[in-house]
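If you're matching positions, the sequence shown starts at 635 in this note's numbering and goes up one per residue.
No residue lacks a Cβ here, since even glycine has one placed at the ideal position from N, Cα and C.
Note that the coordinates shown come from a computational prediction; the quantities given were computed from them, not determined experimentally.
Worksheet: the structure to be examined is printed underneath.
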Amino acid sequence: MSNLIRNIFLFPVLCLLAVSCNINKDLVTDCDCNCNKDAKANALYEKWIQAELKCMNMARPECSYNYPVMPGMDEWAQFTTTQAMVDASQVPEAVLTCQLTQAIMEALWEYPFFEEITSRYNHYQHDFEAIYSNNGAYKVFVIKKDAAQSILTRLLLVDPLFPILPHGLELFLAQPVFLKQLSNDDKKKAVIVAFKNDSLRQLDSFTAGGRMREVAWLLIGRTMFYANYKPFVDLVNSNSQLKGFLDTSFLEVFSQEEYDRFFQLIISNGKTFIN
């Protein structure tokens, strides 16, 4: 092959390699610039998220984002509107571009408003959508193919006896967009861990009898539904109250007996589903 012909063939390849190298270099530069590498700064930041770190029982993912302002900081107290707080709690696109899925999930876990998604009885789904629908990190997270797996991995590790935080993770996994990603085996794992967490909470004097049990039951019910578990799907299609709960997390009952009877439908089907 002549040098001229060889050069003709090589030139496009070299151009592609050059472009590829530049793209990769830009991504690495963005990641290095926007991910906090300063050990002292990280230590200070992690003081503000001690509960989140202790509860999740896993290492903070590489390239996790440090929010510049958090509740409890003097700067946070200076905000005069909720919108200003929300605006200050957005992960920059340059960071999201280079983050792996678990790092993005970490930003959602550490999000200053995370605890509010399970703070109001009967309004879990509404509050989840209100808090995360316009969150930039969430918009990137939901299109990740391993998003559901990253949540399930955390749920299998998290300390269920922490107040609020684990319930929020259960509500995350209970979103249809994530349940649809899970394999049938992983759906069973989700139901098993939801039962386990609820049982552990009832054995603990601090969490026994507490509210938010409905979040675990919502996860169990929705998981069976999206696993197309026929006995439960048929039950949902014939029970408007059950369908309404799975759709909205809202349940209107007027007595403890009615409350117990309603959730027994989910519990009994869930136990059959995993066996």
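Is the CB-CB distance between PHE796 and ALA685 below 8 Å?
As a first step, residue 796 must be located in the sequence shown, where it is residue number 162. As a first step, residue 685 must be located in the sequence shown, where it is residue number 51. Contact flag set, yes.
CYS689: first and last residue of the uninterrupted alpha helix (DSSP H) it sits in
Numbered from its first residue, the sequence shown carries residue 689 at position 55. Per DSSP, CYS689 belongs to the alpha helix (DSSP H) from 684 to 690.
Might you give, ordered along the chain, the residues of its own chain that have their beta carbon closer than 6 Å to the beta carbon of LEU799, omitting 5 neighbours on each side?
On the sequence shown, position 165 is the one that residue 799 refers to. Excluding sequence neighbours, LEU799 sits near CYS689.
Roughly how many whole angstroms lie between the Cα atoms of LEU737 and PRO702?
Along the sequence shown, read from residue 1 onward, the residue named residue 737 stands at position 103. Along the sequence shown, read from residue 1 onward, the residue named residue 702 stands at position 68. Before going further, note that residue 737 is Ala rather than Leu in the sequence given. The alpha-carbon atoms of ALA737 and PRO702 are separated by roughly 16 Å.
Pick from PHE748, LYS778, PHE907 and ALA741 that is closest to TYR863, judged by C-alpha positions:
Within the sequence shown, the letter at position 229 stands for residue 863. Here the closest residue by C-alpha is PHE907.
Between PHE866, GLY855 and VAL776, which has its C-alpha nearest LEU912's C-alpha?
For the chain, the structure presents residues 635 to 909; residue 912 sits outside this window and is missing.
Considering only their Cβ atoms, is the gap separating LEU791 from MET719 smaller than 8 Å?
For the purposes of this step, residue 719 is identified with residue 85 of the sequence shown, where counting begins at 1. For the purposes of this step, residue 791 is identified with residue 157 of the sequence shown, where counting begins at 1. Going by C-beta atoms, MET719 is not nearer than 8 Å to LEU791.
Sequence-distant residues of its chain with Cβ nearer than 7 Å to ALA861 (five each side left out)
Taking the first residue of the sequence shown as position 1, residue 861 is located at position 227. Cβ contact annotation for ALA861 (same chain, cutoff 7 Å, sequence separation greater than five): ASN818 and LYS821, in chain order.
For THR715, three-class secondary structure by DSSP
Numbered from 1 along the sequence shown, position 81 holds the residue referred to as residue 715. Three-state result, THR715: coil.
Close beta carbons around GLU750, own chain, < 8 Å, minus the five adjacent residues each side
Residue mapping note: residue 750 aligns to position 116 of the sequence shown, counting from 1. In the same chain as GLU750, and ignoring 5 residues on each side of it, the C-beta atoms closer than 8 Å to its own belong to ASP761 and ILE765, in chain order.
Could you check how far apart the C-beta atoms of GLY770 and GLN809 are, in whole angstroms? I think they sit under 8 Å.
Taking the sequence shown and counting its residues from 1, one reaches residue 770 at position 136. Taking the sequence shown and counting its residues from 1, one reaches residue 809 at position 175. No, GLY770 and GLN809 are not in contact; Cβ-Cβ is about 17 Å, not under 8 Å.
What is the DSSP secondary structure of LEU678, reduced to helix, strand or coil?
One-based indexing of the sequence shown puts residue 678 at position 44. Note: LEU678 maps to helix in three-state DSSP.
Within 10 angstroms of its Cβ, does MET635 collect 16 or more other Cβ (buried), or is it exposed?
For the purposes of this step, residue 635 is taken as residue 1 along the sequence shown, with counting starting at 1. Because MET635 carries a pLDDT of 44, less than 50, the predicted location of this residue cannot be relied on, and the following value inherits that uncertainty. Taking all protein chains in view, the Cβ of MET635 is surrounded by fewer than 16 other Cβ atoms within 10 Å, so the residue is classified as exposed.
Please say whether GLU763 and PRO695 have beta carbons closer to each other than 8 Å?
Here residue 695 corresponds to residue number 61 of the sequence shown, with the count starting at 1. Here residue 763 corresponds to residue number 129 of the sequence shown, with the count starting at 1. Contact: no.
Alpha-carbon spacing of VAL811 relative to LYS674, whole angstroms
Start at 1 with the first residue of the sequence shown, and residue 811 comes out as number 177. Start at 1 with the first residue of the sequence shown, and residue 674 comes out as number 40. Near 38 Å, if we compare the C-alpha coordinates of LYS674 and VAL811.
Compare the C-alpha of GLY802 against each of LYS823, LEU816 and TYR755 and name the closest.
Residue mapping note: residue 802 aligns to position 168 of the sequence shown, counting from 1. It is TYR755.
Report the residue from LEU687, LEU869 and SER753 whose alpha carbon sits nearest the alpha carbon of SER902.
Locating residue 902 in the sequence shown gives position 268, counting from the first residue. With distances taken between Cα atoms, SER902 lies closest to LEU869.
In angstroms with no decimal places, state the Cα-to-Cα distance between ASP708 and LEU876.
Reading the sequence shown from its first residue, position 74 is the one you call residue 708. Reading the sequence shown from its first residue, position 242 is the one you call residue 876. Going from the Cα of ASP708 to the Cα of LEU876 covers about 45 Å.
Return helix, strand or coil for THR841, following the three-state DSSP convention.
What you label residue 841 is simply residue 207 of the sequence shown in a count that begins at 1. Three-state result, THR841: coil.
Provide the residue span of the alpha helix (DSSP H) that contains PHE897, from first to last.
On the sequence shown, residue 897 is found 263 positions in, with the first residue counted as 1. Segment 890 to 907, the alpha helix (DSSP H) holding PHE897.
4 or more residues per run - each alpha helix (DSSP H) lying fully within the stretch 715 to 797
716 to 721, 727 to 732, 735 to 744, 758 to 766, 770 to 775 and 781 to 791
Exposure of LEU678, with buried meaning 16 or more beta-carbon neighbours within 10 Å:
Within the sequence shown, numbered from 1, the residue matching residue 678 stands at position 44. Classification of LEU678: exposed, given that the 10 Å Cβ count is below 16.
So, helix, strand or coil for ARG847, using DSSP?
Position 213 of the sequence shown, counted from the first residue, corresponds to residue 847. DSSP places ARG847 in helix when its eight states are reduced to three.
By a C-beta neighbour count over all protein chains shown, 10 Å radius and 16 as the cutoff for buried, is THR731 buried or exposed?
In the sequence shown, the residue the question calls residue 731 occupies position 97. Around the beta-carbon of THR731, fewer than 16 other beta-carbon atoms lie within 10 Å, marking it exposed.
Could you check whether the Cβ of LEU734 sits closer than 7 Å to any heavy atom belonging to the ligand ATP?
The ligand ATP is absent from the structure shown, which contains no ligand whatsoever.
How many Å lie between ASN656 and ALA824 at the Cα?
By 1-based counting over the sequence shown, the position of residue 656 is 22. By 1-based counting over the sequence shown, the position of residue 824 is 190. A caution first: ASN656 carries a pLDDT of 34, below 50, which makes its placement in the model too unreliable to give a value.
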